[in-house]
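Visitor:
Residue numbers (the numbering used here): 686 to 957.
Okay, structure coming up:
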């Protein structure tokens, strides 16, 4: 038999890891051992201006969990001086906080919402490629929307001169994954905004993106059907899952068609 995969763990790929021992007194870490988080006051943490997330979703449920159980997965941070040595143009944005968060912005926002005073962190000493690191972490954990992934991938290509194949290797995805995301960048800016706020689905956005920009339009905007583009037949309201597919294929289908609340309900049922 092949490797058995837990579907619920795949759906909650960003779930917290088991808690580890913290060290230090007050809000200042006394050691920087990557194997052992230390605790830092929320007031001592600034957000990374290069974070590829455009919005932090579903914070209420996470904040409630943090009130009950605390922050179980440490945030990745870097000392302010180290961050500014690599990104001096961000001095105003990070302010005077001693540390800049590289990974864990959603946990940070939820901790603030939950009224926590401090969180566990892992302190790094390298901030030279924080935008690349943030993209890799978020894409691997499916923390970004498809449009956010597309914008971040395009940023990597422009910043580091990567090819699509190189980007795919860096983020642990296929070249098809990268190409599919980048197709969304062919949309006009107003249509990208429509995709971001939910006025157009990802499937329709991909179809529209195949057209020249002067022909692109939201379905129904002009009162006439949009230009015909060959596409697969769709059954609205039905999620088709190939019984021969891998658990990862099932997860991808569910993520494309279900809202976060529905996914949370699935996780709850799978955990029973």
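Glycine included, each C-beta is placed from N, C-alpha and C at the ideal position.
#1: DSSP on residue 746, reduced to helix/strand/coil?
#2: Could you please give me the residues that DSSP links to residue 806 through a beta bridge?
#3: What are the complete alpha helix (DSSP H) segments, minimum 4 residues, inside the stretch 845–874?
#4: First and last residue of the alpha helix (DSSP H) that includes residue 771?
#5: Pull up the distance between the alpha-carbon of residue 761 and that of residue 786, whole angstroms please.
#6: Just curious, the beta strand (DSSP E) that residue 732 is in, first and last residue?
#7: Apply the 10 Å Cβ neighbour rule to residue 748 and answer buried if 16 or more other Cβ atoms are within range, or exposed otherwise.
#8: In chain order, what residues of the same chain have a beta carbon less than 8 Å from the beta carbon of residue 802, not counting five sequence neighbours either side?
#9: With a cut-off of 8 Å on the beta carbons, I'd call residue 870 and residue 835 a contact; round off their distance for me.
#10: Residue 724: buried (16+ other C-beta within 10 angstroms of its C-beta) or exposed?
#11: In the DSSP assignment, find the beta strand (DSSP E) that holds residue 788 and state where it starts and stops.
#12: What residues in its chain sit with their C-beta under 6 Å from that of residue 885, if we drop five residues either side in the sequence?
Guide: Taking the coordinates as given:
#1: DSSP, read as helix, strand or coil, puts residue 746 in helix.
#2: DSSP lists 723 and 760 as partners of residue 806.
#3: When DSSP assignments are scanned along the stretch 845–874, the uninterrupted stretches of alpha helix (DSSP H) that are 4 or more residues long and fall wholly within it turn out to be 849–856 and 860–867.
#4: Residue range 765–771 is occupied by the alpha helix (DSSP H) that includes residue 771.
#5: Rounded to whole angstroms, residue 761 and residue 786 show a C-alpha spacing of 6 Å.
#6: From DSSP, the beta strand (DSSP E) with residue 732 extends over 730–732.
#7: Residue 748 is buried by the Cβ-count criterion.
#8: Excluding sequence neighbours, residue 802 sits near 726 and 727.
#9: So it is a contact: roughly 5 Å between Cβ atoms.
#10: Classification of residue 724: buried, given that the 10 Å Cβ count is 16 or more.
#11: Note, residue 788: beta strand (DSSP E), 784–788.
#12: Correct list, in chain order: 879 and 903.
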